Amino acid sequence: MIPAILATFSLCFATSCSAVGPFKHLVAFGDSYTDNVQVSNGGIPWPDYVNIYSEGAVSIHDFARAGGVCSNLLTPRVWPSVLESQIPRYDLDTLIKEDGSTYILIPNGTYLPLPSQDTLYSIWIGTNDVGADALLNKPREGISIVNTTACVFDWVKALYDKGARNFLIQNMIPLQLTPMYSATGYTTKYWPLPHNQTEWSILMSELVQSGNELWAVKTKYIAPLQFPGAVFGLFDSYGLFKDMYYNPASYLAGPPYFIDDPIVQCKYPYEGSTWPVCVVQPDGVRNSYLWWDEVHPSDKASQIVARHVLSAMNGQGPFVSWYGHGGPADLVMNIGNRMP
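Counting with this note's numbering, you get residues 98 to 437 for the letters of the sequence shown.
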């Protein structure tokens, strides 16, 4: 009985959200994959490409910061986390009027209205949470992938309580395919200490897929009940990057296609050496590469992400599923009408 009910939830949600979007404003949170201040892909971050590809129709408000995790209380780092830094910065940059309308500070010093129905709040987080110096090899006692994935819904609540109603959760890419975490990878500047590369790759695959599944279950079946009136998009970054990796001809310039070696490749010449030796590919071939460095997607990959996110913002695309409804009463009624 329970599986049948849950399946009905998913169908009901997806059907009810078939007309989602188009959105005119994107408010982004996350880590270096999204940060437009400290750019980590050798070009332009994907949110800025969304603005470009929409011909300015989508305004971008980027609070993501490189090195970030969902919460420094779960996986402590020195960089700005979502809950302890990015959300407070959003609070500083926004005004909520008595009627509940939200206005956000823009670079010219004025405030732009962010109508709830026209604004999508996105989060792309997890790479640092599950990575080296965190869950992969140095987890805090009592902290697991269950905690770091649940944290994203603390982000949802913080924004929901301020009037946000449309959310896009971008799941983790297959980090076990990146040069840093693949079975054929090597010691990098991000973690120069000796380690078992094969073990890392296996553990990373398990962490990423477990975390993504936890997000999927909660996004489909729990969050729409917990946050009445909210709409949730689940963006399949894992599926998109897996497709780019195994079908590069559909995405990258070439042949040849470079899915294992990054544009900026830094290797330690011998065990115990202090400084890595880096090889940087010229501009003319970079669109053939999936990775910028050992853990960051390339500018070309960011372009592809942007095009698919923009499609998602218009309620379309093969890598997004939408869930949500008017509230628990509607859900109960819809389930009751479909129960055998």
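Don't be surprised by glycine CBs; every beta carbon is placed ideally from N, CA and C. It should be emphasised that the depicted structure is a prediction, and the values quoted were computed from it without experimental measurement.
| Query | Result |
| --- | --- |
| Grab me the residues of residue 286's own chain with a C-beta within less than 7 Å of its C-beta, minus the 5 sequence neighbours each way, in chain order. | 363 and 373 |
| Give the C-beta separation of residue 163 and residue 176 to the nearest angstrom, bearing in mind that I take them to be a contact with Cβ-Cβ under 8 Å. | 6 Å |
| Closest by CA to residue 402, which one among 119, 198 and 150? | 150 |
| Contact between the region 318-332 and the region 247-257 is defined here as three or more beta-carbon pairs at a separation below 8 Å; is this criterion met? | yes |
| Is any beta-carbon of chain B found at less than 7 Å from that of residue 268? | Of the protein chains in this structure there is only one, and it is not chain B. |
| Residues in its own chain within less than 7 Å of residue 277 by CB, not counting five upstream and five downstream? | 285, 287, 391 and 392 |
| Under the assumption that residue 387 contacts residue 349 (Cβ atoms under 8 Å), give the Cβ distance between them as a whole number of angstroms. | 7 Å |
| Would you list, in sequence order, the uninterrupted beta strand (DSSP E) runs of no fewer than 3 residues that lie entirely inside the region 131-202? | 156-159, 191-193 and 199-202 |
| Verify whether the separation of the beta carbon atoms of residue 265 and residue 198 is less than 7 Å. | no |
| In whole angstroms, what is the alpha-carbon distance linking residue 273 and residue 333? | 16 Å |
| On the premise that residue 157 lies in contact with residue 396, defined as a C-beta separation below 8 Å, what is that separation, rounded to the nearest angstrom? | About 17 Å separates the two Cβ atoms, so there is no contact after all. |
| Considering only residues of the same chain and omitting the five flanking positions on each side of residue 384, which have a CB-CB separation below 6 Å? | 350 and 397 |
| When the Cα atoms are used, what is the spatial distance from residue 267 to residue 195? | 32 Å |
| Please report the residue range of the alpha helix (DSSP H) in which residue 125 lies. | Looking at the DSSP string, residue 125 is not in any alpha helix (DSSP H); the run it does join, the beta strand (DSSP E), is 122-127. |
| Starting from the C-beta of residue 382, find all residues in its chain whose C-beta is less than 7 Å away, skip the five residues before and the five after it, and write them out in chain order. | none |
| Which residues bound the beta strand (DSSP E) around residue 263? | 263-267 |
| When DSSP labels each residue in this structure, what does residue 259 get in the three-state scheme? | coil |
| Below 8 Å on the Cβ atoms is my guess for residue 216 versus residue 308; work out the distance and round it to an integer in Å. | With a Cβ gap of about 26 Å, residue 216 and residue 308 do not count as contacting. |
| Write down the C-beta distance between residue 337 and residue 313 rounded to the nearest angstrom, noting that I regard them as a contact closer than 8 Å. | Going by Cβ atoms, the distance from residue 337 to residue 313 rounds to 15 Å, so no, they are not a contact pair. |
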